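Chemist: Protein chains in written order, with our numbering: chain W, 295 to 453; chain F, 295 to 453. Cβ coordinates follow ideal geometry from the N, Cα and C atoms, glycine included. Please read all numbers here as calculations on a predicted model, not as lab measurements.
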DNA sequence: GTACACTATATGCCATGGCAACTAACTTGA
DNA sequence: TCAAGTTAGTTGCCATGGCATATAGTGTAC
């Protein structure tokens with residue numbers, strides 16, 4: 295049921311299909327773990343991580359990073375703010391936008407969730423992404439592809 | 295903005311982030327092309343392709359293949375059926391389920407969309423996924439990861 | 001300084017997916 | 001054969017994202 299020869303040799307479309315299937319299943323599995331232990335899902339975890347590493351980001355910065363619409367990003371920030379993990383601080387140099395930052399609770403949440411996230415990932419793809427040279431090559435290729443897509447602004451939603 | 299050293303060396307979490315970003319942007323870009331030229335999005339294209347290769351599949355088969363809920367799959371099939379690309383035929387060996395198949399129009403749509411899809415993909419990742427040994431390794435790793443996740447039924451939604 | 005274009009965000013409407021009933025049909029065991 | 005348990009699918013409710021629009025603030029040309 296899983297794969298057949300024609301899938302394996304389908305070239306770029308086959309690779310894309312494999313990539314999407316991996317992403318879907320990993321995302322779903324991580325959602326389960328994070329929801330169960332911390333009451334958040336993976337997309338929220340990623341928002342919070344980004345804000346931890348880039349405090350003072352604006353909504354547009356998050357939208358560009360994750361390639362989602364600005365509207366959706368604004369709503370996502372609302373939800374995190376309502377739960378007390380994020381604050382919107384006035385932007386002294388542009389009153390149209392706010393600077394987003396983690397609260398103390400948000401910070402602690404990220405620290406705890408990072409552990410869950412890392413251990414879940416290790417379990418999910420630990421023995422497939424080991425130290426082999428194939429693994430290292432895969433990491434390089436995916437990283438390079440990401441850089442290229444971002445550089446060319448591929449796949450940015452309209453709003 | 296794109297990447298920094300800490301992202302590149304973050305191990306499994308960094309790889310996961312790159313993977314998700316690639317998938318999001320590729321999916322968005324392919325949506326644009328397919329919608330513009332054929333009035334469908336990538337998820338619909340994938341459903342139709344699967345039905346072309348596996349006529350007589352049931353809703354549950356599609357749900358398992360794409361790791362989406364059975365409810366969502368049923369609605370997705372509705373939409374394709376309403377547009378005249380898919381038919382539900384009675385399953386002679388189990389009256390609870392139907393056998394899904396492409397109509398003539400659906401078949402022609404897939405044939406046309408496959409061309410769009412392949413050329414868009416070639417343009418999007420052609421020079422990153424060339425014939426290099428890194429690329430070949432990446433294809434192998436992602437394919438293996440997919441097989442493992444499917445074998446272990448990782449990330450299947452509840453309903 | 002003021003009209004005009006532009007930008008950042010927020011909000012509303014719609015489409016889609018998850019999950020939880022619910023229904024119908026199948027299977028099993030006595 | 002029929003009751004109890006299981007399975008397949010549909011549907012409703014809710015959450016989230018895309019896109020279009022609205023609003024407010026910024027920059028610029030004159």
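1. Where residue 345 of chain F and residue 352 of chain F are concerned, what is the direct C-alpha to C-alpha distance, given to the nearest angstrom?
2. Out of F:385, F:321, F:364, F:370, which one is the CA nearest neighbour of residue 360 of chain W?
3. Does the beta carbon of residue 330 of chain W sit closer than 8 angstroms to a beta carbon anywhere in chain F?
4. Take the Cβ of residue 318 of chain F as the centre, count every other Cβ of all protein chains shown within 10 Å, and call the residue buried at 16 or more, exposed below.
5. For residue 336 of chain W, count neighbouring C-beta atoms within 10 Å of its own C-beta (all shown protein chains included) and say buried if the count is 16 or more, exposed if not.
6. How long is the line joining the alpha carbons of residue 308 of chain F and residue 365 of chain F, rounded to whole angstroms?
7. Is it true that the stretch 378-388 of chain W meets the stretch 419-434 of chain W, where meeting means three or more beta-carbon pairs spaced less than 8 angstroms apart?
8. Using CA atoms only, rank isn't needed, just tell me which of F:372, F:412, F:350, F:343 is closest to residue 388 of chain F.
9. Would you call the CB atoms of residue 363 of chain W and residue 357 of chain W closer than 8 angstroms?
10. To the nearest angstrom, how far is the alpha carbon of residue 348 of chain W from that of residue 384 of chain W?
11. Return yes when the Cβ of residue 404 of chain F is within less than 8 angstroms of the Cβ of residue 342 of chain F, no when it is not.
12. Under three-state DSSP, which class holds residue 384 of chain F?
13. Is the distance from the Cβ of residue 316 of chain W to the Cβ of residue 315 of chain F below 8 angstroms?
Modeler: With the given structure in hand:
1. To locate residue 345 of chain F, count along the second chain from 1; it is residue 51. To locate residue 352 of chain F, count along the second chain from 1; it is residue 58. Approximately 10 angstroms between the Cα atoms of the pair.
2. Within the first chain, residue 360 of chain W is the residue found at index 66, counting from 1. Nearest option by C-alpha distance: F:321.
3. Numbered from 1 along the first chain, position 36 holds the residue referred to as residue 330 of chain W. With 8 angstroms as the cut-off, residue 330 of chain W does not count as an interface residue toward chain F.
4. Locating residue 318 of chain F in the second chain gives position 24, counting from the first residue. So residue 318 of chain F counts as buried.
5. Within the first chain, residue 336 of chain W is the residue found at index 42, counting from 1. So residue 336 of chain W ends up on the buried side.
6. Numbered from its first residue, the second chain carries residue 308 of chain F at position 14. Numbered from its first residue, the second chain carries residue 365 of chain F at position 71. If I take the Cα positions, the gap works out to 33 angstroms.
7. Too few Cβ pairs lie closer than 8 angstroms, so no.
8. Within the second chain, numbered from 1, the residue matching residue 388 of chain F stands at position 94. It is F:350.
9. Along the first chain, one-based indexing puts residue 363 of chain W at 69. Along the first chain, one-based indexing puts residue 357 of chain W at 63. Between residue 363 of chain W and residue 357 of chain W, the C-beta spacing is below 8 angstroms.
10. As a first step, residue 348 of chain W must be located in the first chain, where it is residue number 54. As a first step, residue 384 of chain W must be located in the first chain, where it is residue number 90. Between the alpha carbons of residue 348 of chain W and residue 384 of chain W lies a gap of roughly 16 angstroms.
11. Translated into the one-based positions of the second chain, residue 342 of chain F becomes position 48. Translated into the one-based positions of the second chain, residue 404 of chain F becomes position 110. Inclusion of residue 342 of chain F and residue 404 of chain F in the CB contact set at 8 angstroms is warranted, their separation being smaller than that value.
12. As a first step, residue 384 of chain F must be located in the second chain, where it is residue number 90. Strand.
13. To locate residue 316 of chain W, count along the first chain from 1; it is residue 22. To locate residue 315 of chain F, count along the second chain from 1; it is residue 21. Cβ distance not < 8 angstroms, so residue 316 of chain W and residue 315 of chain F don't count as in contact.
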